[in-house]
Amino acid sequence: MKRTEIERIERELKRTEKKEARVDTDRNGNSVGGYIERLASLFRYDQNEIFNAATDEAILEVLEELKEHIPEKKWDDVLRKSVKKTGVREKDKAVEELRGLLVG
């Protein structure tokens, strides 16, 4: 085989491996969108605020998993988008509270 053919085959192998890894991550719910959905479903809230952000064990467990599986630069996005999904008015307060739990 020619060198170009070997390089092409290697590139195709890398692409398929990367695609399989991404599909596995999506199936396990370890993607950014998966964490947004999981957090938003765990929140208890009314029109103004989220009540159980700091006290619920399930939320703390999801935040611990988030630390392990998602890069640190994406943490803030997950927190903001999950709070935004609830539609509460005091979004900043809830995001700061969750950020404190995640970092602390």
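This note's numbering numbers the first residue of the sequence shown as -19 and each following residue consecutively. We put the beta carbon where it would ideally sit given N, CA and C, even for glycine.
Between the C-alpha atoms of residue i and residue j, what's the straight-line distance to the nearest angstrom?
i	j	result
D57	M(-19)	47 Å
T(-16)	R(-9)	11 Å
A33	A1	31 Å
G67	E(-13)	50 Å
R(-5)	E37	39 Å
I30	I39	12 Å
E48	N28	31 Å
I84	E77	Correcting the residue identity first, residue 84 is Gly in this sequence and not Ile. Each residue's alpha carbon lies about 10 Å from the other.
K(-1)	T35	37 Å
R60	E(-3)	31 Å
R79	S21	18 Å
So residue i packs on residue j, CB below 8 Å; how close in whole Å?
i	j	result
I16	K65	7 Å
I12	K54	Per the sequence shown, the amino acid found at residue 12 is Val instead of Ile. Going by Cβ atoms, the distance from V12 to K54 rounds to 6 Å, so yes, they are a contact pair.
S62	L19	4 Å
Comparing alpha-carbon positions, which option in the options lies nearest residue i?
i	options	result
L117	E45, R24, S21	With the chain covering -19 to 84 only, the question about residue 117 has no answer from this structure.
V75	E(-3), G14, L43	L43
F23	V83, K71, G84	K71
D26	R79, N10, R69	R69
What residue range is occupied by the uninterrupted alpha helix (DSSP H) comprising residue i?
i	result
R18	12 to 22
R79	71 to 83
E85	Limits of the chain in this structure are -19 at one end and 84 at the other, which puts residue 85 out of reach.
K54	52 to 66
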